[in-house]
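Residue numbers (UniProt numbering): 1 to 307.
First up is the structure itself, then whatever we jot down about it.
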C-alpha cells in the first residue's frame, strides 16, 4: 500500500466515479479499479459496493477515507517542509460566521505578535461546512459556535458566548421588560441559514418548548440580519458580541433568556489524527486566553420567560 493508492482511493470516494479518478491521475480506468482492488485485498475489507454501475462507499471505506486524508495531508506537509528552502509554516484556520465577525481578527493579530514567522490563512463559513473542511484536511484548526457531530474531530470549549433576542428600539417588545415565550409565534424572524450553529441552538430550543416561529428572512451575513432587525422590525436571535455597537448606541434592544439556555462556547476543533505543531499549540493558547468584557454590563434588557 502506497501514498499513490490512497490518493486514487480518495479521489474515487470524493467523485464516486473511477473514470474521474483515472482522468485526474492520467491513468486508465482498469488501473484505478486494480488499485482499489489491491487496497481491499491489503486490508481484507470491501471499500465500495458496486450497484447498477454506481459506487457506494462502505462503512469500512469511510473509516479508511478518514485516515487516508490525514496520511496524505501529513505526507504532503512532510514533502513541503523537507524540499522547500526558507520554508514558512502556514496554519489554515477556519471560523464560523459569528466567530469570524467578532473575534477572529483579534485572535490572529494576537497570535502574529508572538509568531510573526507563521503565515495564517483564514476561511469563514457555517459550522457544517467548516466541519467538512476539517474532515477533508483542508483546514488545520477551527473555532466554531455550533455543535460538532463527527467523532473524528476533537472539540475543546474555549470562549464563552451567549445568544440574545434582538429587536429594534421601535419594536413593541422594546417597551417590555418581560416577554412570554408564546409571544414569539406571532412575530416575524430574520434567521441564519441552515447549517448555522446559532440557528440550530435556537431551533432546538423553540422545538423543545413546542413553539413555532415565522421565518420571513434568511441569510448568512450578520450585518444584513442586523439591518433586517432595525429597518424591517424583525426579531433575530444572534450572538451578543455581534450587536455590541448597536446595543450601546440604543439602536437595538435585547431580550435575554431568563434561564441561560442560550449560553454556549466557541470551541476549538481539529482532527483527532492531526499533528499539533508548536505554532498550533501557540494559537490554541491564544484562543484559550482570549478575554472579553460583558457587553451588557450596565445595559437595561428584557427577559424571555416561559410563562
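Each residue gets a CB set at the ideal place from its N, CA and C atoms; glycine is no exception.
What you are looking at is a predicted structure, and each value in this text was computed from that prediction instead of being measured.
What residue range does the alpha helix (DSSP H) around residue 173 cover?
Where residue 173 is concerned, there is no enclosing alpha helix (DSSP H), given that its DSSP letter is neither H nor E.
Compute the beta-carbon to beta-carbon distance between residue 128 and residue 219, rounded to the nearest angstrom, for a pair I have assumed lies under 8 Å.
No, residue 128 and residue 219 are not in contact; Cβ-Cβ is about 16 Å, not under 8 Å.
To which residues does DSSP link residue 106 through a beta bridge?
BP columns for residue 106 are empty, so no partner.
Under the rule that 16 or more other beta-carbon atoms within 10 Å means buried, what is residue 42, buried or exposed?
Classification of residue 42: exposed, given that the 10 Å Cβ count is below 16.
Checking 9 Å against the spacing of the C-beta atoms, do residue 226 and residue 187 come in under that value?
No, the Cβ-Cβ distance between residue 226 and residue 187 is not below 9 Å.
Member of 47, 109, 223, 177 whose CA lies at the smallest distance from the CA of residue 98:
When each option's Cα is compared against that of residue 98, the closest is 223.
Between which residues of its own chain and residue 202 is the CB-CB distance below 7 Å, once the five residues before and five after are set aside?
Counting only residues of its own chain and dropping the five nearest sequence neighbours on each side, residue 202 has a CB closer than 7 Å to the CB of 163, 237.
I need the straight-line Cα distance from residue 4 to residue 210, nearest angstrom please.
For residue 4 and residue 210, the distance between alpha carbons rounds to 53 Å.
Residues bridged to residue 50 (per DSSP)
Under DSSP, residue 50 takes part in a beta bridge, and its partners are 55.
By how many angstroms is the C-alpha of residue 118 removed from the C-alpha of residue 279?
Their backbone Cα atoms lie some 7 Å apart in a straight line.
Please check the pair residue 230 and residue 251, which I expect to be a contact at CB under 8 Å, by giving their CB distance rounded to whole angstroms.
About 6 Å separates the two Cβ atoms, so the contact holds.
Inter-residue Cα distance where the pair is residue 282 and residue 90
Approximately 13 Å, taken between the alpha carbons.
Leaving out five residues on either side along the sequence, give the residues of the same chain with a beta carbon under 8 Å from the beta carbon of residue 28.
Contacts found: 22.
Keeping to the same chain, check which residues put their C-beta closer than 6 Å to that of residue 272; ignore five residues upstream and five downstream.
152, 154.
Under the three-state DSSP convention, the category residue 67 falls into
Three-state DSSP puts residue 67 in a helix.
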